[in-house]
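K.L.:
Pasting a structure here, questions to come.
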DNA sequence: CTGTTAGCGCATTCAG
DNA sequence: CTGAATGCGCTAACAG
């Protein structure tokens, strides 16, 4: 495999000039650059990541840390990140952190600390103080998508507002007996994404003077949503409307309702959050949060910081939007 | 950040011994190893990927090349790969190749050639001769999942048999007017995954003495499957059974059938391929191919090769299994 | 079993 | 604008 000195020889310049010409850093005459580029192309020369990184301190790679790979939201955000990063010649190094504590520590204490990446993007990760500190200790730009984290630069949807928007939509249709599927009151007590959506729900209800509502925790899967909706719908004071904190749970709720012989939205309204592509097929009304765009925004943000821009301190705000596809309507009871 | 010489000093040994103790390569006395491990732990030392890789030629990373990130099959296989690789301390570098020719070339000609990875796994990638050659030129183990490729070590389901299995299932139920949704006759003329499933369909029909069948190309999405099924079901000789080459298309077919007021399976049977988690909710009969397991198998295969095992020449075979969830039944017409 | 030595391939000084 | 020299941090011989 051709090395930088092969290129230097072929172009009749020194390795230093080859390096400058190929990286675009430092002055090179147009003539020299042309000869270098031609020689590099002819020889099929590609810079060695290890050597370049050892000498320069830069890696041209961004680490992306996710809790799940096989759920729609995460893979969609990841696709957005990938698009934006590849365009700029960056590689992606993927770190999937399970809930398993040991494996999780290994990612933060070992893998991420190998100096293999120039920046980190986290997706919907709930980090404890130690993990946040560990990330900061890397000394690279960090952008956290989804999940307000006081210790990091975040790029996040205002999930409190999302919860209020969805709930207000139901209230304006005239619903008074509502249920919320999502946050676990204990686990998500803090400012987690599920916790904020739940609080948005509660606040909107309080403002409307409604004191009672049903809460059913679920795990953000279709199955979890279905089970939770089943519990809610079998309660004595069954709700006329359900706000699920994700589209997958909302779809589960629709399926559960159908399974009980209830029509959506005539007998029960359902609204979700996400903008899952599947929602279209269920006529699901949702608060779209443009997952793919979130990934692109995050990638652009880290790239800007790598280009020397100031870190966007505090939190950047991501758009969201109510999309009415018909699964919500005025209550019939 | 602590370097290897800090650890060496703290442990009272040379850097060579630190390297040997930490990597497990080369002899080290138990006493020395213990002191090194303790010192490394205390100092929070983690080896620099670039320096280690430059000196050793190993990177402890595997490249994974995918055509899509945001489709169920790919993200599920990726999750399986990630699990298996992380357990062994390997990082994943992700390369998403679009259909865009320029971007695609960049991945093969630049990104993959930076010597950032010890091995490559490709998922359902249709490679032309040049791309295959480019991969082989990397000089690292390569495992291709899905997509028989005469030029590479592959790990693949026997998609011809999958096509025959699904089709035979329909024939045994008594269907005679069948439709297939999937391969494009021109694009997938070769030994592609869609092409093989289609040929399995054709062969099974031929053996049953059936000469005519409907073919509707589609793009492996729910929407594509729905449109294709719509076309098939509106043809003069509408089929009584549909074999879709993926579960997402099969779900689209079920939705299209429902949209036309047809019952599944009473009016039309539908069978898919994949084992998509969503299938359960549609009662979809399918040929499960255990996507997550495929990823794990592929990861294990490259790890074995990296451990010095002989490359499993030719093709490894992956399991598949008919799962009857009720969307197929004898024809009523 | 251990330490010494010599690079791995490139980016960056610093002179020129 | 260019080239020569230095070292990034670690691993792999080799000799002891």
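Residue numbers (full-length UniProt numbering), protein chains in the order written: chain V, 1 to 333; chain A, 1 to 333. Each residue gets a CB set at the ideal place from its N, CA and C atoms; glycine is no exception. Here the structure is a predicted model, which means the values were calculated and not measured.
1) Taking a Cβ distance cut-off of 7 angstroms, strictly less, list which residues of the stretch 38-56 of chain A are near chain V, in chain order.
2) Does the contact criterion of 3 or more C-beta pairs under 8 angstroms hold for the stretch 134-152 of chain A versus the stretch 104-120 of chain A?
3) By the criterion of Cβ-Cβ separation under 7 angstroms, what are the contact partners of residue 69/A in chain V?
4) For the alpha helix (DSSP H) holding residue 74/A, just list the boundary residues, first then last.
5) Would you say residue 325/V and residue 292/V are within 8 angstroms of each other, going by their C-beta atoms?
6) Name the chain V residues whose beta carbon is nearer than 8 angstroms to that of residue 93/A?
7) Where in the stretch 232-294 of chain A do unbroken runs of the beta strand (DSSP E), each at least 3 residues long, occur, reported from the N-terminal end onward?
8) Counting only the same chain and skipping the five closest in sequence on each side, list residues whose C-beta sits under 7 angstroms from that of residue 96/V.
9) Please list, in chain order, all residues of the same chain as residue 22/A whose beta carbon is under 7 angstroms from its beta carbon, the five residues on each side excluded.
10) Under 8 angstroms between C-beta atoms, does residue 275/A make it to chain V?
11) Is the beta carbon of residue 290/V sitting closer than 8 angstroms to the one on residue 327/V?
12) Can you tell me whether DSSP reads residue 108/A as helix, strand or coil?
13) Does residue 170/V come out as helix, strand or coil in the three-state DSSP assignment?
14) Along the alpha helix (DSSP H) that carries residue 145/V, what are the first and last residues, could you check?
15) Mind listing which residues of the stretch 291-308 of chain A have their C-beta closer than 8 angstroms to chain V's C-betas, in chain order?
16) Report the neighbours of residue 103/A on chain V: residues whose CB is nearer than 7 angstroms to its CB, in chain order.
17) How long is the line joining the alpha carbons of residue 43/V and residue 57/A, rounded to whole angstroms?
18) Taking 7 angstroms as the cut-off, is the C-beta of residue 28/A nearer than that to any heavy atom in the ligand FMN?
19) Find the nearest neighbour of residue 246/V within the set 45/V, 61/V and 73/V, judged by alpha-carbon distance.
20) Check for me: the alpha helix (DSSP H) holding residue 16/V runs from which residue to which?
21) Counting only the same chain and skipping the five closest in sequence on each side, list residues whose C-beta sits under 6 angstroms from that of residue 166/V.
22) Could you work out which residues of chain V lie near residue 6/A, taking near to mean beta carbons separated by less than 9 angstroms?
23) Have a look at residue 81/V and residue 8/A and give me their C-alpha separation to the nearest angstrom.
24) With 8 angstroms set as the bound, which would you pick, yes or no: does the beta-carbon of residue 222/V sit closer than that to a beta-carbon of chain A?
25) Helix, strand or coil for residue 322/A per DSSP?
26) Could you tell me which residues DSSP puts in a beta bridge with residue 317/V?
27) For residue 3/V, which of helix, strand or coil comes out of DSSP?
28) I'd like to know whether the C-beta of residue 115/A is nearer than 8 angstroms to at least one C-beta of chain V.
29) Residue 229/A and residue 181/A look like a contact to me (Cβ under 8 angstroms); what is the Cβ gap, rounded to whole Å?
30) Is the number of C-beta pairs between the stretch 145-157 of chain A and the stretch 171-188 of chain A that are closer than 8 angstroms three or more?
31) With a threshold of 8 angstroms between beta-carbons, can residue 219/A be considered close to chain V, or not?
32) Just the C-alpha distance for residue 262/A and residue 268/A, rounded to the nearest angstrom, thanks.
33) Are there 16 or more other CB atoms within 10 angstroms of the CB of residue 200/A, so buried, or fewer, so exposed?
34) For chain A, find out if any of its Cβ atoms is closer than 8 angstroms to the Cβ of residue 110/V; answer yes or no.
35) Could you tell me the alpha carbon to alpha carbon distance between residue 321/V and residue 168/V, rounded to whole angstroms?
36) What whole-angstrom Cβ distance do residue 91/A and residue 51/A have, given they're in contact under 8 angstroms?
P.N.:
So, from the listed chains and residues:
1) Under the 7 angstroms Cβ criterion, the stretch 38-56 of chain A contributes 46, 47, 48, 49, 50, 51, 53 and 54.
2) A contact exists between the stretch 134-152 of chain A and the stretch 104-120 of chain A.
3) To locate residue 69/A, count along the second chain from 1; it is residue 69. Within chain V, 75, 78, 79 and 82 have C-beta atoms less than 7 angstroms from the C-beta of residue 69/A, given in sequence order.
4) Taking the first residue of the second chain as 1, we reach residue 74/A at position 74. Element bounds for residue 74/A: 72-87.
5) Taking the first chain and counting its residues from 1, the one referred to as residue 325/V is at position 325. Taking the first chain and counting its residues from 1, the one referred to as residue 292/V is at position 292. In this structure, residue 292/V does not lie closer than 8 angstroms to residue 325/V by Cβ.
6) Within the second chain, numbered from 1, the residue matching residue 93/A stands at position 93. Those are 61, 91, 92, 93 and 94, listed as they occur along chain V.
7) For the stretch 232-294 of chain A, whole beta strand (DSSP E) runs of length 3 or above, ordered along the chain, are 241-244, 269-274 and 285-288.
8) The residue you call residue 96/V lines up with position 96 of the first chain. Closer than 7 angstroms at Cβ, skipping near neighbours: 66 and 69.
9) Here residue 22/A is taken as the residue at index 22 of the second chain, counted from 1. When the five nearest sequence neighbours on each side are left out, the beta carbons in the same chain lying within less than 7 angstroms of the beta carbon of residue 22/A are those of 36, 40 and 47, in order along the chain.
10) For the purposes of this step, residue 275/A is taken as residue 275 along the second chain, with counting starting at 1. It does not: the Cβ of residue 275/A has no partner Cβ on chain V nearer than 8 angstroms.
11) Within the first chain, the letter at position 290 stands for residue 290/V. Within the first chain, the letter at position 327 stands for residue 327/V. At the C-beta level, residue 290/V and residue 327/V stay beyond 8 angstroms of one another.
12) The sequence position of residue 108/A within the second chain is 108, counting from 1. Judged by DSSP in its simplified three-state form, residue 108/A adopts helix.
13) Translated into positions along the first chain, residue 170/V becomes position 170. Three-state DSSP puts residue 170/V in a helix.
14) Numbered from its first residue, the first chain carries residue 145/V at position 145. Going by DSSP, residue 145/V is part of no alpha helix (DSSP H) but of the beta strand (DSSP E) stretching over 142-145.
15) Of all residues in the stretch 291-308 of chain A, 292 have a Cβ within less than 8 angstroms of some Cβ in chain V.
16) If you number the second chain from 1, residue 103/A lands on position 103. At a beta-carbon threshold of 7 angstroms, the residues of chain V lying near residue 103/A are 86, ordered along the chain.
17) By 1-based counting over the first chain, the position of residue 43/V is 43. By 1-based counting over the second chain, the position of residue 57/A is 57. Computed Cα separation, rounded: 21 angstroms.
18) With respect to the ligand FMN, the structure shown offers nothing to examine, as it has no ligands at all.
19) Working through the first chain from its first residue, we reach residue 246/V at position 246. Here the closest residue by C-alpha is 73/V.
20) Within the first chain, the letter at position 16 stands for residue 16/V. Residue 16/V: member of the alpha helix (DSSP H) spanning 15-23, first to last residue.
21) Taking the first residue of the first chain as 1, we reach residue 166/V at position 166. Cβ within range, chain order: 243, 271 and 287.
22) For the purposes of this step, residue 6/A is identified with residue 6 of the second chain, where counting begins at 1. Taking a Cβ-Cβ threshold of 9 angstroms, none of the residues of chain V is close to residue 6/A; the smallest such distance is about 15 angstroms.
23) One-based indexing of the first chain puts residue 81/V at position 81. One-based indexing of the second chain puts residue 8/A at position 8. Going by the C-alpha atoms only, they are around 40 angstroms apart.
24) Position 222 of the first chain, counted from the start, is the residue given in the question as residue 222/V. Residue 222/V counts as touching chain A.
25) Sequence index remark: in the second chain, residue 322/A carries index 322 (1-based). Residue 322/A carries a strand assignment under DSSP once its states are collapsed to helix, strand and coil.
26) Translated into the one-based positions of the first chain, residue 317/V becomes position 317. Looking at the DSSP assignment, residue 317/V forms a beta bridge with 156/V.
27) Sequence index remark: in the first chain, residue 3/V carries index 3 (1-based). In the three-state reduction of the DSSP assignment, residue 3/V falls in the coil class.
28) As a working note, residue 115/A is residue 115 in the second chain. For residue 115/A, at least one C-beta of chain V is nearer than 8 angstroms to its own C-beta.
29) Sequence index remark: in the second chain, residue 229/A carries index 229 (1-based). Sequence index remark: in the second chain, residue 181/A carries index 181 (1-based). That pair is a contact at about 6 angstroms.
30) Touching, no.
31) The residue labelled residue 219/A in the question sits at position 219 within the second chain. Under the Cβ distance rule, residue 219/A does not count among the residues neighbouring chain V, no pair being separated by less than 8 angstroms.
32) On the second chain, residue 262/A is found 262 positions in, with the first residue counted as 1. On the second chain, residue 268/A is found 268 positions in, with the first residue counted as 1. If you take the alpha carbons of residue 262/A and residue 268/A, they lie about 7 angstroms apart.
33) Walking along the second chain from the start, residue 200/A turns up at place 200. Under a 10 Å Cβ-count criterion, residue 200/A is classified as buried, with 16 or more other Cβ atoms of the shown protein chains found around its own Cβ.
34) Taking the first residue of the first chain as 1, we reach residue 110/V at position 110. With 8 angstroms as the cut-off, residue 110/V counts as an interface residue toward chain A.
35) The residue given as residue 321/V occupies position 321 in the first chain. The residue given as residue 168/V occupies position 168 in the first chain. Going by the C-alpha atoms only, they are around 13 angstroms apart.
36) Residue 91/A sits at position 91 when you count from the first residue of the second chain. Residue 51/A sits at position 51 when you count from the first residue of the second chain. 16 angstroms between Cβ atoms; not a contact.
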